[in-house]
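Residue 1220 in the working numbering sits at position 11 of the sequence shown, and the numbers go up by one each step.
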Amino acid sequence: MEILNDLFLVAVYSVAGIALMMLGNFLIDLIVPCHFPTEIQKGNTAVGWFSAGSFIGIGTILRAAIMSPAVQQAEESLGAGLINSIIYFAVGIVFFMVGYVLVNLFNKKYNLNEEIGKGNEAAGIMVFGIFIGLAIVISGVIM
(Lines of atoms letter the chains of each structure in order from A and count residues from 1; the text may use other names and numbers.)
(Lines give C-alpha, C1' and ligand atoms only; values in the text may rest on other atoms or scores of the structure.)
Protein backbone atom coordinates (compact mmCIF):
# COMPACT_ATOMS: atom_id res chain seq x y z
CA MET A 1 0.00 0.00 0.00
CA GLU A 2 2.51 2.56 -1.17
CA ILE A 3 -0.23 5.11 -1.86
CA LEU A 4 -1.24 5.13 1.82
CA ASN A 5 2.36 5.80 2.82
CA ASP A 6 2.57 8.62 0.25
CA LEU A 7 -0.69 10.15 1.51
CA PHE A 8 0.61 9.95 5.07
CA LEU A 9 3.81 11.76 4.04
CA VAL A 10 1.80 14.42 2.21
CA ALA A 11 -0.27 14.99 5.33
CA VAL A 12 2.73 15.15 7.67
CA TYR A 13 4.79 17.47 5.47
CA SER A 14 1.76 19.67 4.72
CA VAL A 15 0.98 20.17 8.41
CA ALA A 16 4.68 20.79 9.13
CA GLY A 17 4.86 23.20 6.18
CA ILE A 18 1.84 25.19 7.34
CA ALA A 19 3.21 25.39 10.87
CA LEU A 20 6.66 26.48 9.66
CA MET A 21 5.23 29.06 7.25
CA MET A 22 3.12 30.56 10.05
CA LEU A 23 6.11 30.56 12.42
CA GLY A 24 8.31 32.13 9.73
CA ASN A 25 5.79 34.87 9.04
CA PHE A 26 5.54 35.56 12.79
CA LEU A 27 9.33 35.76 13.14
CA ILE A 28 9.69 38.03 10.12
CA ASP A 29 6.92 40.25 11.53
CA LEU A 30 9.25 40.92 14.48
CA ILE A 31 11.68 42.93 12.32
CA VAL A 32 9.02 45.23 10.86
CA PRO A 33 7.51 47.76 13.28
CA CYS A 34 3.91 47.06 12.38
CA HIS A 35 1.54 44.30 13.42
CA PHE A 36 0.87 42.11 10.36
CA PRO A 37 -2.64 40.90 11.34
CA THR A 38 -3.78 44.47 12.06
CA GLU A 39 -2.25 45.75 8.82
CA ILE A 40 -3.87 42.96 6.79
CA GLN A 41 -7.24 43.83 8.33
CA LYS A 42 -6.68 47.45 7.28
CA GLY A 43 -5.98 46.33 3.72
CA ASN A 44 -2.26 47.13 3.75
CA THR A 45 -1.21 45.51 0.47
CA ALA A 46 2.48 46.07 1.22
CA VAL A 47 2.18 43.72 4.20
CA GLY A 48 0.22 41.32 2.01
CA TRP A 49 3.08 41.18 -0.51
CA PHE A 50 5.61 40.92 2.32
CA SER A 51 3.72 37.98 3.87
CA ALA A 52 3.16 36.29 0.51
CA GLY A 53 6.89 36.47 -0.18
CA SER A 54 7.71 34.84 3.13
CA PHE A 55 5.14 32.06 2.62
CA ILE A 56 6.23 31.30 -0.95
CA GLY A 57 9.91 31.58 -0.04
CA ILE A 58 9.59 29.23 2.92
CA GLY A 59 7.56 26.80 0.82
CA THR A 60 10.24 26.85 -1.88
CA ILE A 61 12.97 26.10 0.65
CA LEU A 62 10.95 23.30 2.27
CA ARG A 63 10.23 21.75 -1.13
CA ALA A 64 13.94 21.72 -1.94
CA ALA A 65 14.74 20.17 1.45
CA ILE A 66 12.13 17.44 0.94
CA MET A 67 13.21 16.69 -2.64
CA SER A 68 16.95 16.96 -2.08
CA PRO A 69 18.85 14.13 -3.82
CA ALA A 70 21.00 13.77 -0.71
CA VAL A 71 17.90 13.07 1.34
CA GLN A 72 16.57 10.57 -1.21
CA GLN A 73 19.92 8.75 -1.46
CA ALA A 74 20.20 8.43 2.30
CA GLU A 75 16.63 7.06 2.46
CA GLU A 76 16.12 8.93 5.68
CA SER A 77 13.38 8.31 8.16
CA LEU A 78 10.42 10.66 8.39
CA GLY A 79 11.90 12.15 11.57
CA ALA A 80 15.25 12.88 9.91
CA GLY A 81 13.46 14.40 6.91
CA LEU A 82 11.45 16.69 9.16
CA ILE A 83 14.57 17.71 11.08
CA ASN A 84 16.34 18.59 7.81
CA SER A 85 13.30 20.61 6.75
CA ILE A 86 13.33 22.51 10.04
CA ILE A 87 17.07 23.22 9.75
CA TYR A 88 16.71 24.61 6.21
CA PHE A 89 13.63 26.57 7.31
CA ALA A 90 15.71 28.19 10.07
CA VAL A 91 18.51 29.02 7.63
CA GLY A 92 15.98 30.53 5.22
CA ILE A 93 14.32 32.68 7.90
CA VAL A 94 17.68 33.96 9.11
CA PHE A 95 18.69 34.96 5.58
CA PHE A 96 15.27 36.50 4.85
CA MET A 97 15.73 38.68 7.93
CA VAL A 98 19.37 39.47 7.13
CA GLY A 99 18.49 40.32 3.53
CA TYR A 100 15.65 42.60 4.60
CA VAL A 101 17.74 44.36 7.25
CA LEU A 102 20.72 44.83 4.90
CA VAL A 103 18.62 46.25 2.07
CA ASN A 104 16.91 48.58 4.54
CA LEU A 105 20.23 49.57 6.14
CA PHE A 106 22.13 50.31 2.94
CA ASN A 107 19.27 52.01 1.13
CA LYS A 108 19.37 55.67 2.15
CA LYS A 109 16.63 56.94 -0.18
CA TYR A 110 13.72 55.47 1.82
CA ASN A 111 13.02 53.36 4.88
CA LEU A 112 11.36 50.02 4.07
CA ASN A 113 9.87 49.77 7.58
CA GLU A 114 8.11 53.12 7.17
CA GLU A 115 7.02 52.45 3.59
CA ILE A 116 5.56 49.04 4.44
CA GLY A 117 3.82 50.51 7.50
CA LYS A 118 2.28 53.18 5.26
CA GLY A 119 1.03 50.54 2.84
CA ASN A 120 3.41 51.34 -0.02
CA GLU A 121 2.70 48.42 -2.34
CA ALA A 122 5.95 48.93 -4.24
CA ALA A 123 7.92 48.39 -1.01
CA GLY A 124 5.97 45.20 -0.31
CA ILE A 125 6.63 43.90 -3.82
CA MET A 126 10.33 44.71 -3.43
CA VAL A 127 10.53 42.66 -0.22
CA PHE A 128 8.53 39.88 -1.91
CA GLY A 129 11.26 39.80 -4.56
CA ILE A 130 14.04 39.75 -1.95
CA PHE A 131 12.46 36.76 -0.20
CA ILE A 132 11.75 34.82 -3.39
CA GLY A 133 15.24 35.53 -4.74
CA LEU A 134 16.85 34.30 -1.54
CA ALA A 135 14.60 31.23 -1.50
CA ILE A 136 15.68 30.37 -5.05
CA VAL A 137 19.35 30.69 -4.08
CA ILE A 138 18.95 28.64 -0.89
CA SER A 139 16.87 25.95 -2.60
CA GLY A 140 19.48 25.77 -5.38
CA VAL A 141 22.16 24.99 -2.83
CA ILE A 142 19.98 22.34 -1.16
CA MET A 143 19.18 20.60 -4.45
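A virtual CB, placed ideally from N, CA and C, is assigned to each residue, including glycine.
In the DSSP assignment, S1348 falls within the unbroken alpha helix (DSSP H) covering 1330-1351. The three-state reading of DSSP puts L1239 in coil, since its state is none of H, G, I, E or B. Here A1332 is near L1321, since their CB atoms are less than 8 Å apart. Taking a cut-off of 8 Å for Cβ pairs, the stretch 1332-1351 and the stretch 1299-1308 touch, as three or more such pairs fall below it.
In the three-state scheme derived from DSSP, where H, G and I count as helix and E and B as strand, M1231 is classed as helix. Bounds of any alpha helix (DSSP H) do not take in N1316, whose DSSP letter is neither H nor E. Annotated three-state conformation of S1286 is coil, per DSSP. The criterion of a C-beta distance shorter than 8 Å is satisfied by G1233 and I1267. When the five nearest sequence neighbours on each side are left out, the beta carbons in the same chain lying within less than 7 Å of the beta carbon of N1329 are those of A1255, in order along the chain. Judged by DSSP secondary structure, G1326 falls within the alpha helix (DSSP H) whose first and last residues are 1321-1326. The way I'd put it, the stretch 1242-1256 doesn't touch the stretch 1303-1317; fewer than three beta-carbon pairs between them come closer than 8 Å. Counting every other CB atom within 10 Å of its CB across the protein chains shown gives L1229 a total of 16 or more, marking it as buried.
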